[in-house]
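Asks: Chains as they are written, first to last, in the numbering used here: chain A, 210 to 325; chain L, 288 to 397. Sending over a structure as structure tokens; questions will come in a sec.
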Amino acid sequence: DAGVIQSPRHEVTEMGQEVTLRCKPISGHDYLFWYRQTMMRGLELLIYFNNNVPIDDSGMPEDRFSAKMPNASFSTLKIQPSEPRDSAVYFCASSLMGGSNTGELFFGEGSRLTVL
Amino acid sequence: QKEVEQDPGPLSVPEGAIVSLNCTYSNSAFQYFMWYRQYSRKGPELLMYTYSSGNKEDGRFTAQVDKSSKYISLFIRDSQPSDSATYLCAMVTGGFKTIFGAGTRLFVKA
């Protein structure tokens, strides 16, 4: 398996523009997580899904952020409109939970967003 | 107060030293405890996990959990320059919500 795939790897945009980040989880995994990482705030959980259904979105900072998971192999995180304070590395992670599984999260390489 | 507290460091030690990394937590709902390692410009990767209080050893690494004190630790023996990375503790609820500490940046000098 290729692992969790995120795109784009880098994005530079101007304030006010719409940003869409994409994630393809590992096949067969039933949980998908979106995190944001900054030096100041560390790795923050934004939202997570179980079997494509959002379970907890309490970490989504405000209405400008939205996430969808239309099927088991694809998820998006959208920021509209973007602001400079949204600059961060956004990570997607997937996992197979329950049973004898350890609950390990498998992370993608991250999408580095810079909003000017 | 954050659910998970972790000193961000940086922590600088000489090669061969014993390293102690720690996290405290406030949410009693956390049931599983993990340590991830993150190299620069990479995603975190699982290093160790434990489900109960006590110690768990894997090579040079020992994870320790004290649920009564809500305190977890990671010890690295005979530290190597290749151990230089950011170490993140992670706490998992029964519903599999996974919360990370801020991460501690570790530098091991040759």
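Positions of the beta carbon are idealized from the N, C-alpha and C atoms, including for glycine. These numbers come from a predicted model, not from an experiment.
Would A/L255 and A/D239 qualify as a contact pair, given that the criterion is a beta-carbon distance under 9 Å?
Replies: Contact flag unset, no.
Asks: How many Å lie between L/T311 and L/A372 at the Cα?
Replies: Distance between the alpha carbons of L/T311 and L/A372 is about 20 Å.
Asks: Hey, quick one: how far does the beta strand (DSSP E) through L/Y336 stretch, first residue to last?
Replies: Where L/Y336 is concerned, the enclosing beta strand (DSSP E) stretches over E332 to T337.
Asks: Using a C-beta to C-beta distance shorter than 7 Å, which residues of chain A count as neighbours of L/V379?
Replies: Near L/V379 (Cβ distances below 7 Å), the residues of chain A are G312.
Asks: Would you list, in chain order, the members of the segment 283-315 of chain A that have their beta-carbon closer than 7 Å to a beta-carbon of chain L?
Replies: Those would be F300, M306, T311, G312, E313 and L314, in chain order.
Asks: Could you tell me whether the segment 229-237 of chain A touches the segment 284-301 of chain A, using the rule of 3 or more Cβ pairs below 8 Å?
Replies: These segments touch.
Asks: Step through the CB atoms of chain L and report whether any lies within less than 9 Å of the CB of A/V213.
Replies: Yes, its Cβ sits closer than 9 Å to a Cβ of chain L.
Asks: Name, please, each residue of chain L whose Cβ falls closer than 9 Å to the Cβ of A/D265.
Replies: Near A/D265 (Cβ distances below 9 Å), the residues of chain L are G382 and K384.
Asks: Grab me the residues of L/S316's own chain with a C-beta within less than 8 Å of its C-beta, minus the 5 sequence neighbours each way, in chain order.
Replies: A quick correction: the sequence has Ala, not Ser, at residue 316 of chain L. These residues qualify, in order along the chain: T380 and G381.
Asks: Locate the beta strand (DSSP E) running through A/F274, then write down its first and last residues.
Replies: Residues F274 to N280.
Asks: Using a Cβ cut-off of 9 Å, which residues of the segment 324-335 of chain L contact any Cβ in chain A, in chain order?
Replies: So the list reads Q325, R328, K329, G330, P331, E332 and L333, given in the order they occur along the chain.
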